[in-house]
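Below: the structure, in structure tokens.
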Amino acid sequence: MLQTLQSADGSNDRPTDEFDYASLDRYIDSLTDKRGALIPVLHKAQSLFGYLPVEVQSHIALKLDIPSAKVFGVVTFYSFFTMKKKGEYKVDICLGTACFVRGAQKIADALCRELNIKVGEVSEDGLFSLDALRCVGACGLAPVVSVNGKVYGRVTEDDVKSIVEEQMVKDGERR
Amino acid sequence: MITVTLNNAVVEVEEGSTILDAARKSEVHIPTLCYLNLHDIGMVNQVGTCRVCVVEIDGRRNLAPACSTVVTEGMVIRTNTPRSIMARRKVVELLLSNHPKDCLVCERNRKCELQSLAADLNVRENKYEGRKRQTPIDDSSRSLIRNLDKCVLCRRCETMCNVVQTVGVYSTVHRGFETIMGAAYDMPMSETVCTFCGQCVSVCPTAALTQVSDMSHVWQAISDKEKVVIVQTAPAVRAALGEEFGLPPGERVTGKMVAALRRIGCDHVYDTDFAADLTIMEEANELIKRVTEGGPLPILTSCCPAWVKFIEHQFPELLDIPSSCKSPHEMFGAIAKTYLAKKLNVDPRKMVVVSIMPCVAKKYEAAREELAKDSLANVDYVLSTRELASMIREAGIRFVNLPDEDFDPIMGDSSGAGVIFGATGGVIEAAVRTAASWLTGENITDVDFTQLRGMKGLREATVKIGDLELKIGIASGLGNARTLLENIRDGKADYHAIEIMACPGGCVAGGGQPYYGNDREIIKKRAEAIYAEDKGKPVRLSHENEEIKKLYAEFLEKPGSHIAHELLHTEFSKRELV
Chain H
1 MLQTLQSADG
11 SNDRPTDEFD
21 YASLDRYIDS
31 LTDKRGALIP
41 VLHKAQSLFG
51 YLPVEVQSHI
61 ALKLDIPSAK
71 VFGVVTFYSF
81 FTMKKKGEYK
91 VDICLGTACF
101 VRGAQKIADA
111 LCRELNIKVG
121 EVSEDGLFSL
131 DALRCVGACG
141 LAPVVSVNGK
151 VYGRVTEDDV
161 KSIVEEQMVK
171 DGERR
Chain Z
176 MITVTLNNAV
186 VEVEEGSTIL
196 DAARKSEVHI
206 PTLCYLNLHD
216 IGMVNQVGTC
226 RVCVVEIDGR
236 RNLAPACSTV
246 VTEGMVIRTN
256 TPRSIMARRK
266 VVELLLSNHP
276 KDCLVCERNR
286 KCELQSLAAD
296 LNVRENKYEG
306 RKRQTPIDDS
316 SRSLIRNLDK
326 CVLCRRCETM
336 CNVVQTVGVY
346 STVHRGFETI
356 MGAAYDMPMS
366 ETVCTFCGQC
376 VSVCPTAALT
386 QVSDMSHVWQ
396 AISDKEKVVI
406 VQTAPAVRAA
416 LGEEFGLPPG
426 ERVTGKMVAA
436 LRRIGCDHVY
446 DTDFAADLTI
456 MEEANELIKR
466 VTEGGPLPIL
476 TSCCPAWVKF
486 IEHQFPELLD
496 IPSSCKSPHE
506 MFGAIAKTYL
516 AKKLNVDPRK
526 MVVVSIMPCV
536 AKKYEAAREE
546 LAKDSLANVD
556 YVLSTRELAS
566 MIREAGIRFV
576 NLPDEDFDPI
586 MGDSSGAGVI
596 FGATGGVIEA
606 AVRTAASWLT
616 GENITDVDFT
626 QLRGMKGLRE
636 ATVKIGDLEL
646 KIGIASGLGN
656 ARTLLENIRD
666 GKADYHAIEI
676 MACPGGCVAG
686 GGQPYYGNDR
696 EIIKKRAEAI
706 YAEDKGKPVR
716 LSHENEEIKK
726 LYAEFLEKPG
736 SHIAHELLHT
746 EFSKRELV
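Chains as they are written, first to last, in this note's numbering: chain H, 1 to 175; chain Z, 176 to 753.
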């Protein structure tokens with residue numbers, strides 16, 4: 001089952017023991033009331049692991065003592081939650097109304113060309129992923145792109161290259 | 176009390192009642208679809224999603240759903256105004272916009288709540304041709320078929336599975352138009368924790384959830400001159416089959432059922448109740464052994480395959496306590512293909528054992544690998560009560576006019592104890608009758624252990640046998656089974672014996688029985704029919720069944736013998752809790 005949820009290049013093929021649940025479990029154990037805690041727990045898990053694959057969902061289901069169907073239902077309902085592993089640099093382009101009317105689609109197309117992936121995909125080296133968002137609440141800065149939470153406002157097509165390169169440089173320095 | 180005006184009549188209802196409650200109290204019919212209230216088993220689906228039950232309330236701009244709007248003092252309600260009638264019709268027209276509408280060839284034809292609703296509300300054209308869902312049909316299991324294109328998202332199955340049965344297979348998954356009642360990770364049913372109890376099928380208003388059909392296989396076996404078709408009928412079937420032919424609920428049709436099976440073309444018609452007596456021989460023997468020789472206790476009955484799968488998934492640490500006995504129809508199959516084959520001088524490989532069951536889990540059970548001998552399955556096909564009714568209709572048999580006929584000898588006789596297996600508490604009562612007789616050394620005369628009967632989902636009772644006080648727990652419905660098992664696991668209960676049935680009320684309310692809608696009185700009447708059949712039997716103790724005595728004398732030696740173990744007992748194994 002897990003196989004079908006991974007990207008075609010197999011780059012998400014992480015072994016089971018790579019998920020370190022210690023931190024997640026500490027968070028769950030610290031909750032005074034586990035009922036109704038599913039959404040915060042999913043947020044925590046996604047912030048820790050970057051995505052919510054089947055095995056993480058099953059772990060949460062067992063830990064919260066709720067059916068895994070319920071967990072899956074919530075994960076598939078909210079677009080924030082993802083079952084696909086994201087790139088190390090998670091690039092989001094807002095396609096909400098304000099950004100859209102100020103040309104966000106062109107920015108999205110430029111990002112696709114620059115990163116050589118489609119919206120919703122991960123680059124082959126696992127470095128970048130690109131997703132579309134609906135409104136990040138910064139309409140005054142439209143159109144907006146964010147990379148790992150850092151927001152770039154009033155983005156033009158010309159800016160796209162430098163935004164991507166900035167991350168590449170940072171990545172080079174880090175390695 | 177709250178006073179409201181409903182269609183110009185004054186109605187008094189209790190505080191907290193809904194408009195629908197008030198309407199039902201005053202014999203006003205408001206159509207419903209998603210709403211289902213079987214409150215005595217905790218099945219209350221009151222999600223207000225379908226909007227079929229909308230009514231007008233004076234002073235409110237919008238129509239209100241009657242099922243989930245609580246009445247307030249002085250409320251003026253109109254249920255049959257042109258506006259509400261048109262709104263209901265529109266709701267159904269919209270529900271039909273993405274429905275396959277293949278009613279003529281649908282399994283629920285004439286028994287579909289959506290179809291009846293469309294007829295009642297005078298839907299006369301396909302007004303809106305919407306986008307259709309195209310979800311692959313899930314026929315991965317041996318018991319259930321899910322065709323989500325026919326799902327109206329009423330969420331009854333989810334309430335039944337999650338709240339009543341606490342199994343939690345279903346949830347609404349995905350979003351918007353893609354929303355389906357799905358399993359975790361979109362897994363096929365065969366890979367989920369589903370117990371195949373079939374209660375979701377019982378409450379599904381359409382054919383989104385149906386049973387796997389084995390009718391064509393059975394027809395084929397009947398027409399094959401090489402094959403000898405051996406059929407057996409479970410106790411709960413005779414108490415419900417008549418309903419399919421317009422007979423009142425609770426009318427026993429044992430004799431007509433036997434006659435119908437012969438006319439369909441079955442070569443031999445036997446009774447699973449005979450095998451129920453056989454189960455008691457083995458189970459009472461095991462009970463006495465475990466009570467007198469120090470455990471393990473409690474002993475759990477193992478007749479119900481859905482409950483067995485439940486414990487395998489949910490409580491693998493307790494797998495040493497269920498009785499090792501196979502379920503009665505599997506015992507029947509094992510004996511049919513050995514003892515009976517010899518008696519009838521038939522090659523067991525040419526035998527086709529067909530079980531008529533009130534159950535869909537029995538279909539999955541029959542395919543369990545360990546329930547076969549020398550690569551011959553104990554039971555070849557399982558038909559539900561509904562399927563048998565279909566075959567009787569197909570064959571053009573006028574069921575209500577049939578004479579009463581008797582089961583065939585050798586494996587057709589049963590005691591009253593074998594009959595009551597069909598109602599919750601019946602298996603353990605049957606076991607107690609025999610265990611008490613064996614422990615005291617003489618047959619008990621008062622065989623009615625009424626403290627073990629009833630429709631309450633979770634019960635306990637004490638039975639005194641000589642100096643021994645036998646503590647018994649009884650659960651029907653898997654949510655109640657969970658409570659019972661948690662108490663055992665946590666050391667909070669010290670029962671000697673426990674009976675668990677997956678379906679609330681026992682097999683009479685099985686997932687393969689005629690649909691009973693929202694009328695649990697029907698279930699009570701079926702149970703009463705079972706106890707009435709027991710009362711009328713000349714022999715009411717399993718071990719006094721002459722055919723059973725003969726079976727042990729000629730073949731099985733004694734309960735718990737080596738050959739009995741080989742043929743009649745089985746084992747259970749841990750399953751994943753995904």
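Where is the CB? At the ideal position from N, CA and C, for every residue including glycine.
Inter-residue Cα distance where the pair is residue i and residue j
| i | j | result |
| --- | --- | --- |
| Ala-541/Z | Tyr-210/Z | 34 Å |
| Ser-259/Z | Arg-226/Z | 11 Å |
| Arg-701/Z | Ala-605/Z | 18 Å |
| Lys-712/Z | Ser-243/Z | 48 Å |
| Ala-98/H | Ile-107/H | 14 Å |
| Ile-738/Z | Leu-494/Z | 23 Å |
| Ser-388/Z | Ile-663/Z | 37 Å |
| Tyr-78/H | Asn-212/Z | 30 Å |
| Asp-694/Z | Lys-70/H | 29 Å |
| Phe-100/H | Glu-202/Z | 56 Å |
| Asp-125/H | Trp-394/Z | 59 Å |
| Ala-451/Z | Gly-680/Z | 18 Å |
| Gln-407/Z | Leu-558/Z | 10 Å |
Residues near residue i by beta carbon distance below 7 Å, same chain, minus five either side
| i | result |
| --- | --- |
| Glu-746/Z | Ser-499, Glu-545 |
| Val-230/Z | Ile-194, Ile-205, Leu-238, Ala-239, Ala-241, Ile-252, Arg-253, Thr-254, Ser-259 |
| Trp-613/Z | Ala-459, Ile-463 |
| Arg-263/Z | Pro-206, Val-227, Val-229, Leu-296 |
| Val-344/Z | Cys-336, Ala-358, Thr-367, Val-368, Cys-369 |
| Ala-184/Z | Ser-201 |
Spatial neighbours of residue i in its chain, beta-carbon cut-off 6 Å, leaving aside the 5 residues before and after
| i | result |
| --- | --- |
| Leu-563/Z | Ile-531 |
| Asp-313/Z | Arg-321, Pro-363, Met-364 |
| Ser-129/H | Lys-86, Gly-87, Lys-90, Val-122 |
| Thr-256/Z | Glu-231 |
| Glu-458/Z | Ser-498, Cys-500, Ala-606 |
Contact under 9 Å by Cβ, residue i with residue j
| i | j | result |
| --- | --- | --- |
| Ala-414/Z | Glu-708/Z | yes |
| Cys-379/Z | Thr-385/Z | yes |
| Leu-436/Z | Val-428/Z | no |
| Leu-726/Z | Tyr-514/Z | yes |
| Cys-678/Z | Val-602/Z | no |
| Val-466/Z | Leu-653/Z | no |
| Val-535/Z | Gly-373/Z | yes |
| Ser-590/Z | Val-714/Z | yes |
| His-671/Z | Met-456/Z | no |
| Ile-177/Z | Gly-632/Z | no |
| Pro-503/Z | Asp-448/Z | yes |
| Phe-582/Z | Asn-553/Z | no |
| Tyr-424/Z | Glu-418/Z | Per the sequence shown, residue 424/Z should be read as Pro rather than Tyr. In contact: Pro-424/Z and Glu-418/Z (Cβ atoms closer than 9 Å). |
| Arg-628/Z | Tyr-706/Z | yes |
| Pro-533/Z | Gln-309/Z | no |
| Asp-109/H | Val-145/H | no |
| Ile-673/Z | Leu-659/Z | yes |
| Leu-52/H | Thr-82/H | yes |
| Pro-491/Z | Lys-749/Z | yes |
| Lys-325/Z | Asn-301/Z | no |
| Val-136/H | Val-151/H | yes |
Helix, strand or coil at residue i according to DSSP, with G and I counted as helix
| i | result |
| --- | --- |
| Gly-648/Z | strand |
| Asn-146/Z | The requested residue 146/Z is not part of the displayed model; chain Z covers only 176 to 753. |
| His-744/Z | strand |
| Ile-619/Z | coil |
| Ser-530/Z | strand |
| Val-145/H | strand |
| Cys-287/Z | coil |
Supposed close pair residue i, residue j - CB separation, criterion 8 Å
| i | j | result |
| --- | --- | --- |
| Val-376/Z | Gly-597/Z | With 8 Å as the limit, Val-376/Z and Gly-597/Z do not qualify as a contact, their Cβ atoms being about 19 Å apart. |
| Ala-610/Z | Leu-716/Z | Contact flag wrong, Cβ pair sits at about 11 Å. |
| Val-527/Z | Ile-439/Z | So it is not a contact: roughly 13 Å between Cβ atoms. |
| Val-246/Z | Glu-268/Z | Wrong, their Cβ atoms sit about 29 Å apart, outside the cutoff. |
| Thr-341/Z | Arg-657/Z | 5 Å |
Contact set for residue i: own chain, Cβ-Cβ below 8 Å, skip 5 residues either direction
| i | result |
| --- | --- |
| Ser-23/H | Leu-48 |
| Thr-354/Z | Leu-328, Thr-347, Val-348 |
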